[in-house]
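Residue numbers (our numbering), protein chains in the order written: chain A, 812 to 867; chain B, 15 to 235; chain C, 23 to 283. Note that CB positions come from ideal geometry on N, CA and C, so glycine has one too. Keep in mind the model is a prediction, meaning the values are calculated, not measured.
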Amino acid sequence: MTHAQYVFVSYTLTAIVLGGIGLWLWLDRRARLAELKRLEESGVRRRSQDRAGHRA
Amino acid sequence: MMALILRDIRIGVRAGGGMLIGILFFLAVITVVPFGVGPDLKLLARIGPAILWIGALLASLLGLDRLFQADREDGSLDLLIMAGHEHPLALTVFAKCVAHWLTTGLPLVIVSPALGLLMNMEPAAIAATTATLLAGTPAITFIGATGAAIAVALPRGGLLVSVMVLPFVIPVLIFGVMAAYGAVEDPAPFLQPFLLMCALTLFFAALGPLAAGAALKGSSD
Amino acid sequence: MSDTIAPARRFSLTALANPTRFLSYSGKILPWLGGLSAIILIVGLYMSFTAPADYQQGITVRIMYVHVPAAWLSMMGYMVMAVSALGTLIWRHPLADVSIKAAAPIGAAFTFLALATGSLWGKPMWGTWWVWDARLTSVFVLFLMYLGIIALQRAMDDPVKAARPVAILVLVGTVNIPIIKFSVNWWNTLHQPAAVIRMDGPTIDPSMLWPLLVMAVGFTLLFFFMHMVAMRTEIWRRRIASMRRASAREQRGAAKPVLAE
Numbered sequence: 812m813t814h815a816q817y818v819f820v821s822y823t824l825t826a827i828v829l830g831g832i833g834l835w836l837w838l839d840r841r842a843r844l845a846e847l848k849r850l851e852e853s854g855v856r857r858r859s860q861d862r863a864g865h866r867a
Numbered sequence: 015m016m017a018l019i020l021r022d023i024r025i026g027v028r029a030g031g032g033m034l035i036g037i038l039f040f041l042a043v044i045t046v047v048p049f050g051v052g053p054d055l056k057l058l059a060r061i062g063p064a065i066l067w068i069g070a071l072l073a074s075l076l077g078l079d080r081l082f083q084a085d086r087e088d089g090s091l092d093l094l095i096m097a098g099h100e101h102p103l104a105l106t107v108f109a110k111c112v113a114h115w116l117t118t119g120l121p122l123v124i125v126s127p128a129l130g131l132l133m134n135m136e137p138a139a140i141a142a143t144t145a146t147l148l149a150g151t152p153a154i155t156f157i158g159a160t161g162a163a164i165a166v167a168l169p170r171g172g173l174l175v176s177v178m179v180l181p182f183v184i185p186v187l188i189f190g191v192m193a194a195y196g197a198v199e200d201p202a203p204f205l206q207p208f209l210l211m212c213a214l215t216l217f218f219a220a221l222g223p224l225a226a227g228a229a230l231k232g233s234s235d
Numbered sequence: 023m024s025d026t027i028a029p030a031r032r033f034s035l036t037a038l039a040n041p042t043r044f045l046s047y048s049g050k051i052l053p054w055l056g057g058l059s060a061i062i063l064i065v066g067l068y069m070s071f072t073a074p075a076d077y078q079q080g081i082t083v084r085i086m087y088v089h090v091p092a093a094w095l096s097m098m099g100y101m102v103m104a105v106s107a108l109g110t111l112i113w114r115h116p117l118a119d120v121s122i123k124a125a126a127p128i129g130a131a132f133t134f135l136a137l138a139t140g141s142l143w144g145k146p147m148w149g150t151w152w153v154w155d156a157r158l159t160s161v162f163v164l165f166l167m168y169l170g171i172i173a174l175q176r177a178m179d180d181p182v183k184a185a186r187p188v189a190i191l192v193l194v195g196t197v198n199i200p201i202i203k204f205s206v207n208w209w210n211t212l213h214q215p216a217a218v219i220r221m222d223g224p225t226i227d228p229s230m231l232w233p234l235l236v237m238a239v240g241f242t243l244l245f246f247f248m249h250m251v252a253m254r255t256e257i258w259r260r261r262i263a264s265m266r267r268a269s270a271r272e273q274r275g276a277a278k279p280v281l282a283e
């Protein structure tokens, strides 16, 4: 491999790893939000929402 | 505290077979090495101290998960934790570590000279390796107690304990093997790494039970 | 998400201890943080590709602009976890545990990147993918510690119960890092490895220092951006779990009124 290829591979690898973890975070976030929405639609409420009490 | 040590030793010797299994595992690791690297006696003598140390390390890690689990199963762990206001929990953990080392670590140290002969090591190297194992394996037990306490609530904690504890025992391994080589190879010092390893053992003897006690306190509820 | 109720004091950390408030604050900061890190990273990338090549290492010196920030963040990620572990153990800060859990995979990813790019830099420079150099070895051990922490987190189902053991493991690791570092250095000076060109010359030319600093700042912002996103997701995950538990309890309670609280 030429030196330029090593540089290219390192930048690509960095992009892949960071992109991969970014994608994973985004998918996880989307799935959790969808789940939360589904639960709220089906009438499940958090305690703090039907009472005035604070939940830490 | 003495009573606890004696009780644990009695259980360890009688019930576990853990002591025997540890020795057998140690033996198995050492026996496998010549098949892996070939029966070249010179080579075996050169890598002998390192192999003995690695074998002892793996064998001590193997038994660690039983440190608290047996007590947890029969409920005596909760009693020990509740007795925490009488004597500090760290002290109780320390006593359990001592008992555990006496039943699993010490036998490994005792059989290591015989295994050293199998590896064609010089008498000086055997003596040095045994001495370093004697001073170094308690460190593995003490720091391993933290791992065992952290994973005590897990059903299959054994492998996890090994994985978690391994990075922490690297310094012990480094200084132990270094001191063992220092005794036979001329320019390398013996005393310096040996004393550093003793310092590590003392340090872990303080840190390990403290952290393990803190972890156990959280696991009881 | 434990049942400790934080009194609403003016102290900002305590105020942040309320996950709902954290969600609303972080929701406002998040787009700015993400945008800023993207801009700085783009500028940094541009700078690192226009920076002059090193007369000794040629073009491969450009690997430095991703390698060094990644290595730096691998340590900073562990520091974030250590501070959060203190928060869990001393102040019982409900978000501290969320922070550890969110930081561990991100920190591990940066540590992996530091190792991989270092290896890719080592091959053309040293002629080998890996040397058991003191610095490489200690980063490798750090990587193992990250993996151990992640494994422990994954093995425990109940996040509230896992908080304390995980925090203790992180803290014991923090205490051990200097020891490991020291012992590995010692080990390395005795086993003198084959001639290794020291990468860190005493002076670094400003033309290379600036892109490095910009990239480091960009990576750091990216880390905190990802950390914040992961923390928000983790809060939602725990909220979902507690909602499910609550609704299951309610249904059981409706069926058998005796069991209702």
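Self-check item: Proximity to threonine 42(C) [Cα-Cα], best of Thr255(C), Ser205(C) and Gln273(C)
Solution: Taking the third sequence and counting its residues from 1, one reaches residue 42(C) at position 20. When only C-alpha atoms are compared, the closest one is Thr255(C).
Quiz item: In angstroms, rounded to a whole number, what distance separates the CA positions of arginine 157(C) and tryptophan 209(C)?
Solution: Here residue 157(C) refers to the residue found at position 135 of the third sequence. Here residue 209(C) refers to the residue found at position 187 of the third sequence. Roughly 11 Å between the two C-alpha positions.
Quiz prompt | Three-state secondary structure (DSSP) of glycine 854(A) | solution = Counted from its first residue, the first sequence places residue 854(A) at position 43. In the structure shown, glycine 854(A) falls within a coil segment according to DSSP collapsed to helix, strand and coil.
Quiz prompt | Within chain C, partners of glutamate 846(A) - CB distance below 9 Å | solution = Along the first sequence, one-based indexing puts residue 846(A) at 35. Those within 9 Å of glutamate 846(A) in chain C are Trp258, Arg259 and Ile262.
Self-check item: Chain-order list of residues whose beta-carbon lies under 8 Å from that of valine 218(C) (same chain, five-residue window excluded)
Solution: The count along the third sequence starts at 1 and reaches residue 218(C) at position 196. Because valine 218(C) carries a pLDDT of 46, less than 50, the predicted location of this residue cannot be relied on, and the following value inherits that uncertainty. Trp148, Val153 and Asp155, listed in sequence order.
Quiz item: Can you find a heavy atom of the ligand GTP that lies under 7 Å from the Cβ of tryptophan 208(C)?
Solution: You won't find the ligand GTP in this model; it holds no ligand whatsoever.
Quiz item: From threonine 110(C) to aspartate 79(B), what does the alpha carbon distance come to, in whole angstroms?
Solution: Start at 1 with the first residue of the third sequence, and residue 110(C) comes out as number 88. Start at 1 with the first residue of the second sequence, and residue 79(B) comes out as number 65. So the two alpha carbons sit approximately 25 Å from each other.
Self-check item: Secondary structure of glycine 80(C), DSSP reduced to three states
Solution: Position 58 of the third sequence, counted from the start, is the residue given in the question as residue 80(C). If DSSP states are grouped into helix, strand and coil, glycine 80(C) belongs with the strands.
Quiz item: How many angstroms separate the CA atom of alanine 12(B) from the CA atom of alanine 124(C)?
Solution: No answer is possible for residue 12(B): the residues shown for chain B start at 15 and end at 235.
Quiz item: Just how far apart, CA to CA, sit leucine 836(A) and leucine 52(C)?
Solution: The sequence position of residue 836(A) within the first sequence is 25, counting from 1. The sequence position of residue 52(C) within the third sequence is 30, counting from 1. Rounded to whole angstroms, leucine 836(A) to leucine 52(C) spans 14 Å at the Cα level.
Quiz item: Using Cβ-Cβ distances below 7 Å, what residues of the region 181-202 of chain B are close to chain C?
Solution: Within the region 181-202 of chain B, those residues whose Cβ lies closer than 7 Å to any Cβ of chain C are, in chain order, Pro181, Phe182, Ile184, Pro185, Ile188, Phe189, Met192 and Ala202.
Quiz item: Which whole runs of the alpha helix (DSSP H) in the region 131-180 of chain B are 4 residues long or more, in chain order?
Solution: Fully enclosed alpha helix (DSSP H) runs of 4 or longer: 137-164.
Quiz item: What separation, rounded to the nearest whole angstrom, lies between the Cα atoms of valine 818(A) and glycine 830(A)?
Solution: Indexing the first sequence from 1 puts residue 818(A) at position 7. Indexing the first sequence from 1 puts residue 830(A) at position 19. Distance between the alpha carbons of valine 818(A) and glycine 830(A): 18 Å.
Exercise. Please name the residue, chosen from Trp113(C), Ser229(C), Met103(C) and Gly66(C), that lies closest to isoleucine 172(C) on a Cα-to-Cα basis.
Key: The residue you call residue 172(C) lines up with position 150 of the third sequence. For isoleucine 172(C), the nearest C-alpha among the options comes from Met103(C).
Exercise. Would you mind listing the alpha helix (DSSP H) stretches within the region 43-84 of chain B that are 4+ residues and don't spill past its ends, in chain order?
Key: 55-78
Quiz prompt | Residues, ordered as in the chain, of the region 80-94 of chain C that lie near chain A by beta-carbon distance below 8 Å | solution = Gly80, Ile81, Thr82, Arg84, Ile85, Val88, His89 and Ala92
Exercise. Could you check if tyrosine 68(C) is buried or exposed, using at least 16 other CB atoms within 10 Å of its CB as the buried criterion?
Key: Position 46 of the third sequence holds residue 68(C). Exposed, because fewer than 16 other Cβ atoms sit within 10 Å of the Cβ of tyrosine 68(C).
Quiz item: Quick one: Cα of glycine 119(B) to Cα of proline 152(B), how far?
Solution: Locating residue 119(B) in the second sequence gives position 105, counting from the first residue. Locating residue 152(B) in the second sequence gives position 138, counting from the first residue. Roughly 7 Å separates the two Cα atoms.
Exercise. Output yes if chain B places a C-beta closer than 8 Å to the C-beta of leucine 67(C); else output no.
Key: Locating residue 67(C) in the third sequence gives position 45, where the first residue counts as 1. It does not; no Cβ of chain B falls within 8 Å.
Quiz item: Secondary structure at glycine 149(C), three-state DSSP: helix, strand or coil?
Solution: Here the question's residue 149(C) lines up with position 127 in the third sequence. The answer is coil: DSSP assigns glycine 149(C) none of H, G, I, E or B.
Quiz item: Are any of the Cβ atoms in chain B nearer than 8 Å to that of leucine 166(C)?
Solution: As a position in the third sequence, residue 166(C) is number 144, starting the count at 1. Taking Cβ atoms only, chain B reaches closer than 8 Å to leucine 166(C), which makes this a yes.
Quiz item: What is the DSSP secondary structure of glutamate 100(B), reduced to helix, strand or coil?
Solution: The residue given as residue 100(B) occupies position 86 in the second sequence. For glutamate 100(B), the three-state secondary structure derived from DSSP is coil.
Quiz prompt | Neighbour flag for alanine 142(B) against chain C, beta carbons, 8 Å | solution = Within the second sequence, numbered from 1, the residue matching residue 142(B) stands at position 128. No, no contact with chain C.
Quiz item: Any beta-carbon of chain C closer than 8 Å to the one on leucine 850(A)?
Solution: As a working mapping, residue 850(A) is identified with position 39 in the first sequence. Judged by the 8 Å Cβ criterion, leucine 850(A) is in contact with chain C.
Quiz item: Can you find a CB in chain A that lies within less than 8 Å of the CB of proline 74(C)?
Solution: Against the third sequence, residue 74(C) aligns to sequence position 52. For proline 74(C), the nearest beta carbon of chain A is not closer than 8 Å to its own beta carbon.
Quiz item: So, does the CB of arginine 186(C) fall closer than 8 Å to a CB anywhere in chain B?
Solution: Taking the first residue of the third sequence as position 1, residue 186(C) is located at position 164. Yes, contact with chain B.
Quiz item: Taking the C-alpha atoms as reference points, what is the distance between serine 205(C) and arginine 843(A)?
Solution: To locate residue 205(C), count along the third sequence from 1; it is residue 183. To locate residue 843(A), count along the first sequence from 1; it is residue 32. Rounded to the nearest angstrom, the two C-alpha atoms are 44 Å apart.
Quiz item: So what's glycine 89(B) in DSSP terms, helix, strand or just coil?
Solution: Start at 1 with the first residue of the second sequence, and residue 89(B) comes out as number 75. DSSP places glycine 89(B) in coil when its eight states are reduced to three.
Self-check item: Classification of methionine 248(C) by the beta-carbon crowding that lies within 10 angstroms, buried from 16 upward
Solution: As a working mapping, residue 248(C) is identified with position 226 in the third sequence. Counting other Cβ atoms within 10 Å of its Cβ, methionine 248(C) reaches 16 or more and is therefore classed as buried.
Quiz item: According to the neighbour-count rule (16 or more other Cβ atoms, all chains shown, within 10 Å of its Cβ), is aspartate 88(B) buried or exposed?
Solution: Position 74 of the second sequence holds residue 88(B). Aspartate 88(B) is exposed by the Cβ-count criterion.
Quiz item: Which residues bound the alpha helix (DSSP H) around glutamate 17(B)?
Solution: Start at 1 with the first residue of the second sequence, and residue 17(B) comes out as number 3. It is worth fixing the name first, because residue 17(B) is alanine in this sequence and not glutamate. It spans 16-25 - the alpha helix (DSSP H) in which alanine 17(B) sits, taken as one unbroken run.
Exercise. Please classify histidine 115(C): does DSSP put it in a helix, a strand, or coil?
Key: As a position in the third sequence, residue 115(C) is number 93, starting the count at 1. Coil at histidine 115(C), not helix or strand.
Practice problem: Report the neighbours of leucine 836(A) on chain C: residues whose CB is nearer than 8 Å to its CB, in chain order. | Solution: As a working note, residue 836(A) is residue 25 in the first sequence. Per Cβ cutoff of 8 Å: Met248, Val251, Ala252 and Thr255.
Quiz item: Under the three-state reduction of DSSP, which class applies to asparagine 40(C): helix, strand or coil?
Solution: One-based indexing of the third sequence puts residue 40(C) at position 18. The DSSP-derived three-state label of asparagine 40(C) is coil.
Practice problem: Using 10 angstroms around the beta-carbon of alanine 42(B), count the other beta-carbons present and answer buried if the total reaches 16, otherwise exposed. | Solution: Against the second sequence, residue 42(B) aligns to sequence position 28. By the neighbour-count rule (16 or more Cβ atoms within 10 Å), alanine 42(B) is not buried but exposed.
Quiz item: Can you name, in chain order, every residue of its own chain whose Cβ lies under 7 Å from the Cβ of alanine 70(B), other than the five neighbours on each side?
Solution: For the purposes of this step, residue 70(B) is identified with residue 56 of the second sequence, where counting begins at 1. For alanine 70(B), same chain residues with a beta-carbon under 7 Å away, outside a window of 5 residues either side, are Phe40, Leu122, Ser126, Leu147 and Thr151 in chain order.
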